[in-house]
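See structure below.
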Amino acid sequence: GNEETRDFIRDMVQADLARGQVESLVTRFPPEPNGYLHLGHAKSICLNFGLATEYGGRCHLRFDDTNPVKEEQEYIDAIKRDVRWLGFDWGEHLYHASDYFQTLYDWAEHLIRAGLAYVDDTPPDEMRAMRGTLTEPGRASPDRDRSVETNLGLFRDMRAGKFPNGACVLRAKIDLASGNMNLRDPVLYRILHATHPRTGTEWCIYPTYDFAHGQSDALEHVTHSLCTLEFADHRPLYDWFLDHLPVPARPRQTEFARLNIGYTVLSKRHLTDLVRRGIVSGWDDPRMPTLAGLRRRGVPPEAIRDFVRRIGMSKANSVVDIAMLDHSIRDHLNRAAQRRMAVLRPLKLVIENFPEGHVEELEAVNHPGDPGAGTRTLRFRREVFVERDDFMENPSNKFFRLAVGREVRLRYAYLVTCREVIKDADGNVVELRCTYDPASRGGDAPDGRKVKATLHWVSARDALPAEVRLYSTLFNRPDPGAGGDLDADLNPASLEVLSGALVEPSLTEAAAGQAVQFERLGYFCADLASRPNSLVFNRTIELRDTWAK
Ligand code: ATP
Ligand code: MG
Ligand code: MG
Numbered sequence: 012g013n014e015e016t017r018d019f020i021r022d023m024v025q026a027d028l029a030r031g032q033v034e035s036l037v038t039r040f041p042p043e044p045n046g047y048l049h050l051g052h053a054k055s056i057c058l059n060f061g062l063a064t065e066y067g068g069r070c071h072l073r074f075d076d077t078n079p080v081k082e083e084q085e086y087i088d089a090i091k092r093d094v095r096w097l098g099f100d101w102g103e104h105l106y107h108a109s110d111y112f113q114t115l116y117d118w119a120e121h122l123i124r125a126g127l128a129y130v131d132d133t134p135p136d137e138m139r140a141m142r143g144t145l146t147e148p149g150r151a152s153p154d155r156d157r158s159v160e161t162n163l164g165l166f167r168d169m170r171a172g173k174f175p176n177g178a179c180v181l182r183a184k185i186d187l188a189s190g191n192m193n194l195r196d197p198v199l200y201r202i203l204h205a206t207h208p209r210t211g212t213e214w215c216i217y218p219t220y221d222f223a224h225g226q227s228d229a230l231e232h233v234t235h236s237l238c239t240l241e242f243a244d245h246r247p248l249y250d251w252f253l254d255h256l257p258v259p260a261r262p263r264q265t266e267f268a269r270l271n272i273g274y275t276v277l278s279k280r281h282l283t284d285l286v287r288r289g290i291v292s293g294w295d296d297p298r299m300p301t302l303a304g305l306r307r308r309g310v311p312p313e314a315i316r317d318f319v320r321r322i323g324m325s326k327a328n329s330v331v332d333i334a335m336l337d338h339s340i341r342d343h344l345n346r347a348a349q350r351r352m353a354v355l356r357p358l359k360l361v362i363e364n365f366p367e368g369h370v371e372e373l374e375a376v377n378h379p380g381d382p383g384a385g386t387r388t389l390r391f392r393r394e395v396f397v398e399r400d401d402f403m404e405n406p407s408n409k410f411f412r413l414a415v416g417r418e419v420r421l422r423y424a425y426l427v428t429c430r431e432v433i434k435d436a437d438g439n440v441v442e443l444r445c446t447y448d449p450a451s452r453g454g455d456a457p458d459g460r461k462v463k464a465t466l467h468w469v470s471a472r473d474a475l476p477a478e479v480r481l482y483s484t485l486f487n488r489p490d491p492g493a494g495g496d497l498d499a500d501l502n503p504a505s506l507e508v509l510s511g512a513l514v515e516p517s518l519t520e521a522a523a524g525q526a527v528q529f530e531r532l533g534y535f536c537a538d539l540a541s542r543p544n545s546l547v548f549n550r551t552i553e554l555r556d557t558w559a560k
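Following this line, the structure appears as structure tokens:
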């Protein structure tokens, strides 16, 4: 086991292994391929695959592909890609609930023969009404007492495609008065004339989640079936199937808290809706809480694993502060990302006493904490660009950067003093005229005088144009939708596109997804669509937490 991570699930697994309850740990991650994986799934992936690694067991990737109406090959491919990207590997253990369709069908007939399942023609609305409420028992359908022969015949007709969608279902015969609604004769099979990504049109009846899940676990000899709290009420049904079917193993279901994070939604239904309506550019829009979106935004998988480890496992649902995730991202990127210079909103600065045509080569450190990351050469010339925000025409008391008469340091280069401001016809500042101290190469004056600010810059002749996309949260309240209207909580400023940014030339080599720190600005990465002659960068995260403001 892992010393630093202890929680009720690890304690249980350890105890089960210690007393020989299970010989070797088998877990599974069972996504339904009806959307892309999000941070909530990451919690489940890290738990299931993490346990297998920690305790020398194995973890299966199993597609819970029992609803062909909503499932697609695109999602299957994306899920595999994203699990691997997060750092996990299922090896040979790739499974599909659809692998078990024949066995599940046979087991349904087994229940029918045992008098424990029946075909019910009651229309869906009526069936729902007849299930009763917590205070009122359910009412029996007239079909509940059909004979074994009748039920077998009808179920085979269902399978043979003799009925249209919704004409009837197969239900377990358990207890209509149960205090647990899941035991009030749950549906086991429904008719769906649809093409399945793997089994095509071989089947027109499909098992429900409840009838497929535990039995799939049993068929794969899963020892610990870990799921989220909302399935706690399904556990008696999970066990009921294991009690009444000739299963080869006896998995045990344990529930843990769902992950919820402030300012976002972790529900495939809502995320699908954002994609379909074009509110985001796709499942991998960098604002999405999907693994594909986070990857595109530049979030490293290590940061997600660290976040999941730090939030831990609990038995109570809660909302995790988004600052927790940000902390893990910054912590990792601070160590991993090389430093570069880029100017997002450029303002020209002309150094009047720097000779025209003259070039100086300066050495810049790639990572202050990692000498092994080496250095790179920057070219310095008479004309550079600085950040517009680093100049103030009428500086306040607390503003120590550029203003007329002020001396500042240009990083790695020289001390410069602003002498004059050039404006256009509308009065906008378009250029700063400065002088530099030729004795201050590297950024320090021989007389030891201090300046209060060090600014990033790019050389006008050498810098490359780039588009920079600044992202903030997709929603502007911590509990989106809580007011009843999710759309009303969308953050209209979640994406700001800066089309006139300038970056140092070495950034042409930045690979998509590879993080860099733009000094003083934040962590960025090249977008998937970035090309050497049309650079596009995504801001992964700002340098400091601005949530406290
Ligand atoms: P959604 O509500 O987003 O549709 P789901 O649970 O229906 O999610 P599945 O594809 O069935 O999606 O999920 C696969 C696994 O991931 C399940 O075991 C599920 O419990 C787990 N999971 C899904 N969402 C979360 C979450 N927010 N926190 C923790 N685990 C989650
Ligand atoms: Mg599910
Ligand atoms: Mg779902």
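In UniProt numbering, the protein residues as written are 12 to 560.
Beta carbons: idealized from backbone N, C-alpha and C, even for Gly.
On a predicted model such as this, the values are computed, not experimentally measured, just so you know.
Can you give me the C-alpha to C-alpha distance between residue i and residue j, rounded to a whole angstrom?
i	j	result
Pro382	Arg308	27 Å
Ser55	Cys238	8 Å
Asp284	Ile290	9 Å
Arg412	Ala464	5 Å
Trp558	Thr551	Interpretation of Trp558 is limited by its pLDDT of 49, a score under 50 that renders its predicted location unreliable; the figure taken from the coordinates is listed afterwards. Roughly 15 Å separates the two Cα atoms.
Tyr249	Phe174	28 Å
Val319	Cys57	7 Å
Lys434	Glu478	25 Å
Ile340	Ile333	11 Å
Gly143	Asp500	36 Å
Gly172	Ile202	8 Å
Asn408	Val427	20 Å
Gly454	Phe365	15 Å
Arg422	Ala436	32 Å
Using C-beta distances below 8 Å, list every residue in its chain close to residue i, excluding the 5 sequence neighbours before and after it, in chain order.
i	result
Leu199	Ala119, Leu122, Ala128, Val180, Leu181, Arg182, Ala183, Pro218, Thr219, Asp221, Phe222
Val330	Asn271, Ile272, Gly273, Pro489, Asp490
His343	Pro311, Glu313, Ala314, Asp317
Gly68	Ser35, Leu36, Val37, Thr38, Leu62, Thr234
Ala26	Gln32
Asn377	Gln349, Arg350, Ala384, Gly385, Thr386, Arg387
Gly524	Arg306, Arg307, Gly309, Cys536, Ala537, Leu539
If you compare alpha carbons, which of the options is closest to residue i?
i	options	result
Pro297	Ala29, Ser35, Tyr482	Tyr482
Arg195	Arg531, Glu442, Asp186, Pro406	Asp186
Gly40	Cys215, Leu28, Asp100	Looking at the sequence provided, one finds Phe at residue 40 rather than Gly. Taking only the C-alpha atoms, the option nearest Phe40 is Asp100.
Gly46	Asp254, His281, Val370	His281
Val37	His49, Pro79, His71, Lys54	His71
Asn176	His204, Ser339, Arg417	His204
Ala188	Gln84, Leu145, Leu165, Asn162	Leu145
Pro311	Cys536, Gly494, Asp254, Gly225	Cys536
Arg472	Val286, Gly459, Val514, Trp214	Val514
Ala414	Thr275, Gln32, Asp400	Asp400
residue 7	Asp75, Asp22, Val361	Residue 7 is absent from the structure shown; the chain starts at 12 and stops at 560.
Glu530	Val427, Asp458, Glu398	Glu398
Leu163	Asn191, Ala125, Pro197, Leu485	Ala125
Arg392	Met138, Ala424, Pro406	Ala424
Lys81	Gly98, Pro208, Asp22, Ser236	Pro208
Thr210	Ala108, Glu442, His378	Ala108
Ala474	Cys445, Val395, Leu240, Ala375	Val395
Asn544	Ser517, Ala526, Val527, Leu554	Ser517
Asp131	Pro406, His104, Asp117, Asp168	Asp168
With DSSP run on the structure shown, which of helix, strand or coil describes residue i?
i	result
Asp556	coil
Cys57	helix
Gly383	helix
Glu14	With a pLDDT of only 47 at Glu14, under the threshold of 50, the placement of this residue in the model should not be trusted, and no figure is reported.
Arg341	helix
Thr283	helix
Glu367	coil
Asp490	coil
Ala474	coil
Gly426	Checking the sequence shown, residue 426 turns out to be Leu, not Gly. The answer is strand: DSSP assigns Leu426 an E or B state.
Ala119	helix
What distance in whole Å lies between the Cβ atoms of residue j and residue i, which are believed to be in contact at a cut-off of 8 Å?
i	j	result
Val432	Leu466	Between Leu466 and Val432 the Cβ distance is about 16 Å, and since that is not below 8 Å, they are no contact.
Tyr111	Ser35	That pair is no contact at about 22 Å.
Lys326	Phe242	About 13 Å separates the two Cβ atoms, so there is no contact after all.
Val469	Val547	Wrong, their Cβ atoms sit about 17 Å apart, outside the cutoff.
Leu358	Leu373	Contact doesn't hold; Cβ gap of about 21 Å is too wide.
Tyr106	Glu231	6 Å
Ala348	Tyr534	6 Å
Considering only residues of the same chain and omitting the five flanking positions on each side of residue i, which have a CB-CB separation below 7 Å?
i	result
Arg356	Glu398, Arg399, Asp400, Leu509
Met299	Leu282, Val291
Go through its chain and collect everything with a Cβ distance to residue i's Cβ below 6 Å, but skip five positions before and after it.
i	result
residue 561	Since the first and last residues shown for the chain are 12 and 560, residue 561 lies out of range.
Arg150	Met141
* When a residue counts only if its C-beta is closer than 5 Å to some heavy atom of ligand 5, which residues count, in chain order? -> Only ligand 1, ligand 2 and ligand 3 can be found as ligands here, which leaves ligand 5 out of the picture.
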